[in-house]
Amino acid sequence: MSNLFTVSPSPHTKGDDSIPKIMWSVVIALVPVILMASLFFGLHSLKIMVVAVVSCLLFEYTIQKYILKVPTTIRDGSAIITGLLLAFNLPAGLPVWLVVLGSLVAIGIAKLSFGGLGQNPFNPALVGRVFLLISFPVQMTTWTANITVTDTFTGATPLMLLKEGVKSGKSLAEITTNSQMPGYFDMFWGNMSGSLGEISAMAILLGGIYLLWKKIITWHIPVAVLGSIFLFEGVLWMAAPDRFMDPVFHLITGGVMLGAIFMATDLTTSPMTPLGKVIFGVGIGVITICIRNFGAYPEGISFAILIMNGFTPLINAKVKPKRFGGK
Amino acid sequence: MLKTFKFGGVHPKEEKLTAGLAIQRLPLPKKVILPVAQHIGVPAMLAVKKGDLVKTGMLIAKSGGFVSANIHAPVSGRVSKIAERIDASGYKSLSIVIETEGDIWEESITLDQPFQAIEALTTAELLLKIRTAGVVGLGGAAFPTHVKLEPPAGMKADTLLINGVECEPYLTSDHSLMLEKGSEILKGTSLLMKVLKVQRAIVGIEINKPDAILLLRDLAKNFQGIEVEPLQLKYPQGSEKQLIQALTGRMVGPGALPASVGVVVNNVATAFAVYEAVAFNKPLIERVVTVTGKGVSKPGNFLVRIGTPIKELIEAAGGLPEDTGKVILGGPMMGKAISNLKIPVTKGMSGIVLIQEKEASRQQVMPCIRCAKCVDGCPMNLEPYLLMMISEKGMWEQAESNHVTDCIECGSCSYTCPSSRPLLDYIRTGKSKVGKLIRSRQNSVLTDKQIPI
């Protein structure tokens, strides 16, 4: 017999999941968001998305090849997702050099300095966004209004209107009747001011359904984040309706949808077990509502996710699946 | 809603190329090779010597203890060698080689006239017949059946489960047996019920075998207390603990026996062997083996004598395809890859799968992205990614506290990993190291006690 057979331990067959397959499915899930961003912000948004993706890819390639001297991994698609998610978290009018700087922080510091794919404790795109927000607060809160809105000047986001209104002592009724405040249908559809990818809850939900269908994410994190925001804010609102906005407002404004469905569900930086995911999601929801209502910033979901990213190793260590037949 | 087990599980492609194909009887092999250790437990003790003439069905190696099984001559002929031969483990082990000279059966075996007074047999007599015939679990583990039928003191079974799940891709030997020997399987089931003194038996069959479900349901009307339960399609449903959970909702604790929750599980092929042992005094000398694979020209389900070199089976299925890259004994999820085609068919071998070259090698290993698919897929609710990490670093105490010994080695984690990480390889290492650790601890406790102060 001349045959030489391959010998290896079982299993001898393998499912057809792969990292590129997962990453490209996420990119497909992001398409509705890309479309809505282009619809509302036009070429501005396309420019920012292209610059973010290209610089993430370039930084990953260059740093791996020339500084770390390790095999390059840009083909796995993960840097494209980081680029897109970073772009989704930026205002449409942000200067290009800041987009490039944000990409460098996201890929270079948040991802590669920890060891690359699968090793980063914090969501790279959010690290990039928060770095820019803290370092360049003016540019990061200068909103180019939707091109469909008549005044092409600047428009404050609903959350900024809320925070500034409360600070200047206006009542909630005065704030919500402000002509700049969009109605709930506009907010859901995406016709409001904000970062590129966060405006259209509808587009984000579509992408989320696709991710669930493709079994890339499970329902636990999105439901825990959105559910805890709804419940927590609901309790506050019922206790003091003249002091707090209703929970629906908080679900469809700012980055809650984008955060709950695309950022918090990042595989690497979220817990491994279903219960761990729920705890993680509830933490994000509670911290977000605390920052929005009681903190200095109008929006808090980015901070909330990064804080809970920090808790992920602890959650993984403490929240274990119950062994089969165990007491 | 069809029943299934509660945690984890995966859906490998079924690839049941030989489903519904009739069982073909293979001509007698020119020689047979019978390792004395082809069941779980103590190897059998030689009962023949070189040069002896044997008849088909004659005892050639006697059970070596309680957890052991008799081995019988599958053909008649002369014992030509008693020597080390390579077996399915890849190592050499003591084997009896018989040169076939014919097929003359022992007089005690009454193939043409089934034993009439089955009803009158006592439990002890039934058990003796099963034990004498060397029946072991035919689903793959080859655990001596009579041991399962005598649960330890204090444990009382109330339900017998018959495993007709066959959840491994490619394999159809149980399926074909259910279609052709359904009535005999149910007769064997009622005999097992009698031995165990249980009133209820459930035959679990996955929904991808609707013909077998319908047939057995129909036949079961003639039997008291036997139900046929269709199950959802999910791997590893044929695993003992998972099947018990699926059919009864009961969970067998870590390290515990099924009897601890009042259940005994036997395979459909085992039930058939039990029937033959009781009705005809026929020892376990043949079984159905599926020979299949994408490149195989005549895949099929073959009734073969134990000890037949697998080369002859592969030839019966149209010969070894040019592009064969891997030969697996058993299914692709839990089977063993072998390097030598002289290995004989043993009692626990349910199939031979020939994998094509292009599917024979593993893919490149990528970093873990913590997608948790292995955690979601683990039917034992373990954390395979963590166990692999711990084993890589040699942290055996942590492996133990994370229950590495619970692993049933079903391979769902490695199967589902998008990064093609060899999770199960490392978990196996962890299991064996932790097993040694536990044993050495037990031994040291013993020696401590023995030391006089």
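Chain order of the listed sequences is A and B.
Adding 45 to a residue's 1-based position in the first sequence gives its number in this note's numbering.
Adding 1 to a residue's 1-based position in the second sequence gives its number in this note's numbering.
Yeah, the Cβ is synthetic: ideal placement off N, Cα and C, and Gly gets one too.
None of these values were measured; they are calculated from a predicted model.
- Task: Using a cut-off of 8 Å between C-beta atoms, extract the partners of Arg363(B) located in chain A.
- Result: Mapped onto the second sequence, residue 363(B) falls at position 362. Within 8 Å Cβ-Cβ: Ser53, Lys59.
- Mind listing the chain A neighbours of Lys327(B)? Cutoff is C-beta to C-beta under 9 Å, in chain order. Locating residue 327(B) in the second sequence gives position 326, where the first residue counts as 1. Per Cβ cutoff of 9 Å: Phe50, Thr51, Val52, Ser53, His57.
- From Val229(B), Val199(B), Ser81(B), Pro423(B), residue whose alpha carbon lies closest to that of Thr160(B): Translated into the one-based positions of the second sequence, residue 160(B) becomes position 159. In terms of Cα proximity to Thr160(B), the closest of Val229(B), Val199(B), Ser81(B), Pro423(B) is Val199(B).
- Query: Counting only runs that start and end within the segment 131-165 of chain A, where is the alpha helix (DSSP H) found for 4 or more residues in a row?
  - Reply: For the segment 131-165 of chain A, whole alpha helix (DSSP H) runs of length 4 or above, ordered along the chain, are 141-149.
- Message: Suppose the cutoff is 7 Å on Cβ atoms and the five residues either side in sequence are ignored; what does the same chain contact list for Asp311(A) look like?
- Response: Locating residue 311(A) in the first sequence gives position 266, where the first residue counts as 1. Answer for Asp311(A): Asn168, listed in chain order.
- Message: Please state whether the Cβ-Cβ distance between Ala82(A) and Ser90(A) is less than 8 Å.
- Response: Mapped onto the first sequence, residue 82(A) falls at position 37. Mapped onto the first sequence, residue 90(A) falls at position 45. Yes, the Cβ-Cβ distance between Ala82(A) and Ser90(A) is below 8 Å.
- Item | Residue(s) in a DSSP beta bridge with Glu1(B) | Here chain B has residues from 2 to 454 only, and residue 1(B) is not among them.
- Below 8 Å CB to CB, which residues in the same chain sit around Gln25(B) once its five sequence neighbours on both sides are set aside? Numbered from its first residue, the second sequence carries residue 25(B) at position 24. Taking C-beta separations shorter than 8 Å and ignoring five residues to either side along the sequence, the partners of Gln25(B) in its chain run Gly301, Asn302, Phe303, Leu304, Ala317, following chain order.
- Query: Is the segment 224-236 of chain B in contact with the segment 110-126 of chain B, if contact means three or more CB pairs nearer than 8 Å?
  - Reply: Verdict: no, contact absent.
- Would you call the CB atoms of Gly412(B) and Met334(B) closer than 8 Å? Position 411 of the second sequence, counted from the start, is the residue given in the question as residue 412(B). Position 333 of the second sequence, counted from the start, is the residue given in the question as residue 334(B). Going by C-beta atoms, Gly412(B) is nearer than 8 Å to Met334(B).
- Cα-Cα separation between Pro56(A) and Leu130(A), rounded to whole angstroms: On the first sequence, residue 56(A) is found 11 positions in, with the first residue counted as 1. On the first sequence, residue 130(A) is found 85 positions in, with the first residue counted as 1. In this structure, the CA atom of Pro56(A) is about 36 Å from the CA atom of Leu130(A).
- By DSSP, does Arg306(B) sit in helix, in strand, or in coil? Locating residue 306(B) in the second sequence gives position 305, where the first residue counts as 1. Strand, per DSSP.
- Could you tell me which residues DSSP pairs with Met46(B) in its beta bridges? One-based indexing of the second sequence puts residue 46(B) at position 45. According to DSSP, which records beta bridges pairwise, Met46(B) is partnered with Lys63(B).
- Message: What does the alpha-carbon distance come out to for the pair Ile391(B) and Glu384(B)?
- Response: The residue labelled residue 391(B) in the question sits at position 390 within the second sequence. The residue labelled residue 384(B) in the question sits at position 383 within the second sequence. Approximately 11 Å between the Cα atoms of the pair.
- Can you give me the start and stop residues for the beta strand (DSSP E) that Leu35(B) sits inside? Here the question's residue 35(B) lines up with position 34 in the second sequence. Note, Leu35(B): beta strand (DSSP E), 32-36.
- Flag this pair as yes or no: are the beta carbons of Phe116(B) and Ala361(B) separated by less than 8 Å? Translated into positions along the second sequence, residue 116(B) becomes position 115. Translated into positions along the second sequence, residue 361(B) becomes position 360. Between Phe116(B) and Ala361(B), the CB-CB gap reaches or exceeds 8 Å.
- Message: Please report whether the beta-carbon of Tyr416(B) lies at a distance below 8 Å from any beta-carbon of chain A.
- Response: The residue you call residue 416(B) lines up with position 415 of the second sequence. Tyr416(B) belongs to the set of residues whose beta carbon lies under 8 Å from a beta carbon in chain A.
- Query: At a CB-CB cut-off below 9 Å, which residues of chain A make contact with Ala338(B)?
  - Reply: Position 337 of the second sequence, counted from the first residue, corresponds to residue 338(B). Per Cβ cutoff of 9 Å: Phe50, Thr51, Val52, Ser53, Pro54, Ser55, His57.
- Residues of chain A with a CB under 7 Å from the CB of Met396(B): which are they? The residue given as residue 396(B) occupies position 395 in the second sequence. Here the premise fails: no neighbours, minimum Cβ distance about 14 Å.
- Query: Per DSSP, Lys4(B) is paired with what?
  - Reply: Stepping through the second sequence from its first residue, residue 4(B) is reached at position 3. Within the DSSP bridge table, the entry for Lys4(B) names Leu232(B) as partners.
- Message: Closest to Ala400(B) by C-alpha separation, out of Glu410(B), Leu387(B), Ile409(B), would be which residue?
- Response: Here residue 400(B) refers to the residue found at position 399 when the second sequence is read from its first residue. The candidate whose alpha carbon is nearest that of Ala400(B) is Leu387(B).
- Query: Is it buried or exposed for Thr222(A), if we count other Cβ within 10 angstroms and need 16 for buried?
  - Reply: By 1-based counting over the first sequence, the position of residue 222(A) is 177. Under this definition Thr222(A) is an exposed residue.
- If we ignore side chains and look at the alpha-carbon of each, how far apart do Val270(A) and Gly332(B) end up? On the first sequence, position 225 is the one that residue 270(A) refers to. On the second sequence, position 331 is the one that residue 332(B) refers to. One Cα belongs to Val270(A), the other to Gly332(B), and the distance between them is close to 43 Å.
- Task: Give a yes or no on whether 8 Å exceeds the smallest Cβ distance from Pro453(B) to chain A.
- Result: As a first step, residue 453(B) must be located in the second sequence, where it is residue number 452. In this predicted model, Pro453(B) has a pLDDT of only 48, less than 50, meaning its place in the structure is not dependable; the value taken from the coordinates is given anyway. Put simply, the CB of Pro453(B) is far from chain A, with every gap to its CB atoms at 8 Å or more.
- Assuming Gly253(A) and Pro267(A) make a contact with CB atoms under 8 Å, what is their CB distance in whole Å? Translated into positions along the first sequence, residue 253(A) becomes position 208. Translated into positions along the first sequence, residue 267(A) becomes position 222. So it is a contact: roughly 6 Å between Cβ atoms.
- Query: Using a Cβ-Cβ distance under 8 Å, would Leu320(A) count as near chain B?
  - Reply: Numbered from 1 along the first sequence, position 275 holds the residue referred to as residue 320(A). For Leu320(A), no CB of chain B lies under 8 Å from its own CB, so it is not counted at the interface with that chain.
- Of all the CB atoms in chain B, is at least one closer than 8 Å to the CB of Ser63(A)? Residue mapping note: residue 63(A) aligns to position 18 of the first sequence, counting from 1. So yes, Ser63(A) belongs to the interface.
- Task: List the whole-angstrom C-beta distance separating Ile73(A) from Tyr255(A), where the pair is believed to meet the contact cut-off of C-beta under 8 Å.
- Result: For the purposes of this step, residue 73(A) is identified with residue 28 of the first sequence, where counting begins at 1. For the purposes of this step, residue 255(A) is identified with residue 210 of the first sequence, where counting begins at 1. Right, their Cβ atoms sit about 7 Å apart.
- Run of the beta strand (DSSP E) containing Gly326(B), from where it starts to where it stops: As a first step, residue 326(B) must be located in the second sequence, where it is residue number 325. 325-330 is the extent of the beta strand (DSSP E) around Gly326(B).
- Query: Along chain B, which residues have their Cβ under 7 Å away from the Cβ of Met308(A)?
  - Reply: Reading the first sequence from its first residue, position 263 is the one you call residue 308(A). Scanning chain B for C-beta atoms nearer than 7 Å to the C-beta of Met308(A) yields nothing, as the closest lies near 15 Å away.
- Under the three-state reduction of DSSP, which class applies to Trp106(B): helix, strand or coil? As a position in the second sequence, residue 106(B) is number 105, starting the count at 1. Strand at Trp106(B).
- What residues in its chain sit with their C-beta under 7 Å from that of Leu60(B), if we drop five residues either side in the sequence? One-based indexing of the second sequence puts residue 60(B) at position 59. Residues of the same chain with a CB within less than 7 Å of the CB of Leu60(B), apart from the 5 flanking positions on each side, are Ala48, Asn71, His73 in chain order.
- In this structure, does DSSP put Ser123(A) in helix, strand or coil? Start at 1 with the first residue of the first sequence, and residue 123(A) comes out as number 78. Helix.
- Message: At the level of alpha carbons, what is the spacing between Ala84(B) and Val37(B)?
- Response: Numbered from its first residue, the second sequence carries residue 84(B) at position 83. Numbered from its first residue, the second sequence carries residue 37(B) at position 36. C-alpha separation (whole angstroms): 11 Å.
- Task: Return the chain-ordered list of same chain residues with a C-beta closer than 7 Å to the C-beta of Met46(B), the five sequence neighbours on each side being excluded.
- Result: Here residue 46(B) corresponds to residue number 45 of the second sequence, with the count starting at 1. Listed in chain order, the non-local C-beta contacts of Met46(B) below 7 Å within the same chain comprise Ala62, Lys63, Gly65, local neighbours out to five positions each way being set aside.
- Using a cut-off of 9 Å between C-beta atoms, extract the partners of Asp426(B) located in chain A. On the second sequence, position 425 is the one that residue 426(B) refers to. Those within 9 Å of Asp426(B) in chain A are Ser53, Pro54.
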